[in-house]
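Here's the structure, in structure tokens; my notes come after.
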Amino acid sequence: ATRYNDDSFRAGSCKRWERMMPDATVKVENARFIVTMDPSRRIISDGSLVVQGQNIIQVGKTKDLASVQTDSVIDASDMVVTPGFVNGHMHISYAHATRGIFPDDLGSAYLPNVFKLQAIMTEEEEYHTSLLAITELLKYGTTTFVDPGSTKYLDRCMDAYIQAGCRIIVGAHVTDKPNQLNLPVSSTADALQTIETTIERFDRKLDGRIRAWAMPFAPNVCTDELLLGSKRLADRYNTGLTLHYNNGPNYVEASIKESGLRPTHYLEKLGILGKNVTLSHMLGLDESEIEVLARTGTRAVVVPTAAVKGGAGMTQSGLLPEMLGAGMAVGIGTDAGNNSNLLETNRAMYLIAVLYKDARQDSRTIPAEKALEMATIQGAEALGLDSEIGSLEPGKKADLVLFDTRRAEWQTLFNPVNNLVYNADGRSVDTVMVDGQIVVQNHKPLFADEWSLAQKVQGIGEDMLARTGLSFSPRWPII
């Protein structure tokens, strides 16, 4: 339980880079634009910001901060500086090893195969696979993310979190009801003990960059006792609770038949909802459920990349505009690299900003500014972290991204929000800082050899498929 204290990262577990001194000051200067996401949503042209240790201490015009002396300077000329992006739902530990193997039309057989593969992963396989996923996230500007409980070997994967320097919410997803997903089933008592032990061991480690939540998998595979016990643990330890909440017609009908209530109304009756609860996916709801969620302060994460690839009908029946209109804190997730296949926040923002315009035939629906809020400050609020991250303000953690605009897709540049949401992508990320430490520089991760790591995970995936006997041939011949 004491293995990962606040000095673990500073001890230097990664040989390829070293952390700066805890109280070092860094100035990021001459930025083309700084998109602050502060309460006034200021965009500062020709801007600079100053970081001391883990925190931002000044943000303003370059000329106003010119006299500030620092230990080092980052030249942000022709860069757009944003807060680090927040991914509220992303299975990082297993998917990259078998990314892209599943055909589009696998349907209900998809998840059982996913968890069959995940079940056989060893500690070392999960470590390397997690590190590759984290490398992709950080390289494209996502600095905070939620792994919703699918990591089996958190002790070993903590080494990946230490090495990469990311900000992450972890947990152990548990079930206590038989299911068709190949998820392990525990007794209710054992499941609650797993949750409590995970929170006690990992919450607020690594200078607070690691948070641990209660993570019962989903209401349809958990008893009421497990859901209630999970909420009590989240309350007791002042942490969060997340659920997969993708309610298909059969589940909704079963809920009404058994309880006389739609699923969200039933969760409210049980006492599960609240300000420390984040529900992910958010499909299969009606407007009466949105009212309940808004009234109870329950938070949400939508996952457009997985929904549209899976043909889930998000744009036909999804109620994201209604959730936002009700004042809910809603963030963006991408789900795993072997179902949505896409981890990049820029493209997820793009989907959020365009799909509902088309679905509602109204170009005013979810403007670019709202999509960017969902990826930054509102995404942080959806995780209860908005007092720490999500905007570039004095006192906030120094999680930030520098986009290189000296690229065709960024030009011409007048409104950086429109460019960022509608035409930029992660390839233009030049520099990424987390907790005041540079983890990506000149488009390259500083904590890992990306190609060597990718080759390692390729071998892991090939071995996993051989061990399980799973095979999904491409539709076109490979000769």
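Position one of the sequence shown corresponds to residue 2 (my numbering), numbered consecutively onward.
Built from N, CA and C at the ideal position, the CB exists for glycine as well.
1) So the candidates are D79, M91, S68, F103; which of them puts its Cα closest to the Cα of L466?
2) Roughly how many whole angstroms lie between the Cα atoms of L274 and N31?
3) For G311 and G150, I'd like the C-alpha separation in whole angstroms.
4) Would you be able to state if there are at least three C-beta pairs under 8 Å between the region 176-196 and the region 222-242?
5) CA-CA distance, K270 and V278?
6) Can you give the beta carbon distance from R33 to D65, rounded, assuming they're within the 8 Å contact cut?
7) Note down, one range per segment and in chain order, each alpha helix (DSSP H) of at least 4 residues found wholly within the region 171-229.
8) Less than 8 Å between the beta carbons of A98 and E126, yes or no?
9) I believe T83 touches V60 by the beta-carbon criterion, under 8 Å. Please report the beta-carbon distance rounded to the nearest angstrom.
10) Tell whether a beta-carbon distance below 8 Å holds between L384 and I170.
11) M283: buried (16+ other C-beta within 10 angstroms of its C-beta) or exposed?
12) Which residues share a DSSP beta bridge with F86?
13) Would you give the residue range spanned by the alpha helix (DSSP H) that M375 belongs to?
14) Could you please give the first and the last residue of the uninterrupted alpha helix (DSSP H) stretch that includes Q70?
15) Determine the closest residue to T130 out of Q442, P217, E451, with distance taken between C-alpha atoms.
16) Using the rule of at least 16 other Cβ atoms within 10 Å of the residue's Cβ for burial, across every protein chain shown, is N443 buried or exposed?
17) Look up T406 in the DSSP assignment and say whether it is helix, strand or coil.
18) Thinking just about the alpha-carbon of each residue, which of T143, G166, V433, M91 is nearest to the one in G1?
19) Would you grab the beta carbon distance between S392 and D39 for me? Rounded to a whole angstrom, and I think it's under 8 Å.
20) Between the C-alpha atoms of N251 and F146, what's the straight-line distance to the nearest angstrom?
21) Could you check whether the region 254-266 touches the region 205-217, counting it as contact only if at least three pairs of C-beta atoms, one from each stretch, sit closer than 8 Å?
22) Taking the alpha-carbon positions, what's the Y111 to G334 distance?
23) Where do the ends of the alpha helix (DSSP H) carrying Y267 lie?
24) As a quick exercise: from I35, L132, G108, pick the residue whose alpha carbon is nearest that of I45.
25) By alpha-carbon positions, which one of N183, I163, Y423, N221 ends up nearest to L207?
26) Do A399 and D359 have their CB atoms nearer than 8 Å?
27) How many angstroms separate the CA atom of T176 from the CA atom of S49?
28) Count the other CB atoms, across all protein chains shown, that sit within 10 Å of the CB of P478; report buried if there are 16 or more and exposed otherwise.
29) Cα-Cα, which of P305, R408, L325 is closest to N88?
Once the coordinates are examined:
1) Counted from its first residue, the sequence shown places residue 466 at position 465. Here the closest residue by C-alpha is F103.
2) The residue you call residue 274 lines up with position 273 of the sequence shown. The residue you call residue 31 lines up with position 30 of the sequence shown. Whole-angstrom Cα-Cα distance: 45 Å.
3) On the sequence shown, residue 311 is found 310 positions in, with the first residue counted as 1. On the sequence shown, residue 150 is found 149 positions in, with the first residue counted as 1. G311 and G150: Cα-Cα distance of roughly 21 Å.
4) yes
5) Sequence index remark: in the sequence shown, residue 270 carries index 269 (1-based). Sequence index remark: in the sequence shown, residue 278 carries index 277 (1-based). About 15 Å.
6) Within the sequence shown, numbered from 1, the residue matching residue 33 stands at position 32. Within the sequence shown, numbered from 1, the residue matching residue 65 stands at position 64. About 17 Å separates the two Cβ atoms, so there is no contact after all.
7) 189-203
8) Locating residue 98 in the sequence shown gives position 97, counting from the first residue. Locating residue 126 in the sequence shown gives position 125, counting from the first residue. In contact: A98 and E126 (Cβ atoms closer than 8 Å).
9) Sequence index remark: in the sequence shown, residue 83 carries index 82 (1-based). Sequence index remark: in the sequence shown, residue 60 carries index 59 (1-based). No, T83 and V60 are not in contact; Cβ-Cβ is about 12 Å, not under 8 Å.
10) Mapped onto the sequence shown, residue 384 falls at position 383. Mapped onto the sequence shown, residue 170 falls at position 169. Contact: yes.
11) Within the sequence shown, residue 283 is the residue found at index 282, counting from 1. By the neighbour-count rule (16 or more Cβ atoms within 10 Å), M283 is buried.
12) Residue 86 sits at position 85 when you count from the first residue of the sequence shown. Bridge partners of F86: T143.
13) Taking the sequence shown and counting its residues from 1, the one referred to as residue 375 is at position 374. Element bounds for M375: 369-376.
14) Within the sequence shown, the letter at position 69 stands for residue 70. Here Q70 belongs to no alpha helix (DSSP H), and DSSP marks it neither H nor E.
15) Position 129 of the sequence shown, counted from the first residue, corresponds to residue 130. When only C-alpha atoms are compared, the closest one is E451.
16) In the sequence shown, counting from the first residue as 1, residue 443 sits at position 442. By the neighbour-count rule (16 or more Cβ atoms within 10 Å), N443 is not buried but exposed.
17) The residue you call residue 406 lines up with position 405 of the sequence shown. Of the three classes helix, strand and coil, the one that applies to T406 here is coil, per DSSP.
18) Nothing in the structure corresponds to residue 1, since the chain is present only between 2 and 480.
19) What you label residue 392 is simply residue 391 of the sequence shown in a count that begins at 1. What you label residue 39 is simply residue 38 of the sequence shown in a count that begins at 1. 5 Å between Cβ atoms; contact.
20) By one-based count along the sequence shown, residue 251 stands at place 250. By one-based count along the sequence shown, residue 146 stands at place 145. Near 31 Å, if we compare the C-alpha coordinates of F146 and N251.
21) no
22) Stepping through the sequence shown from its first residue, residue 111 is reached at position 110. Stepping through the sequence shown from its first residue, residue 334 is reached at position 333. Roughly 19 Å between the two C-alpha positions.
23) Residue 267 sits at position 266 when you count from the first residue of the sequence shown. Taken as a continuous stretch (DSSP letters only), the alpha helix (DSSP H) holding Y267 covers 264-271.
24) The sequence position of residue 45 within the sequence shown is 44, counting from 1. Out of I35, L132, G108, I35 has the C-alpha closest to the C-alpha of I45.
25) Counting from one through the sequence shown, the residue named residue 207 turns up at place 206. Of the listed residues, the one whose Cα sits closest to L207 is I163.
26) Taking the first residue of the sequence shown as 1, we reach residue 399 at position 398. Taking the first residue of the sequence shown as 1, we reach residue 359 at position 358. No, Cβ-Cβ distance for A399 and D359 is not below 8 Å.
27) The residue you call residue 176 lines up with position 175 of the sequence shown. The residue you call residue 49 lines up with position 48 of the sequence shown. T176 and S49: Cα-Cα distance of roughly 48 Å.
28) The count along the sequence shown starts at 1 and reaches residue 478 at position 477. The residue in question, P478, is exposed, as its Cβ has fewer than 16 Cβ neighbours within 10 Å.
29) Within the sequence shown, numbered from 1, the residue matching residue 88 stands at position 87. The residue with the shortest Cα to Cα distance from N88 is P305.
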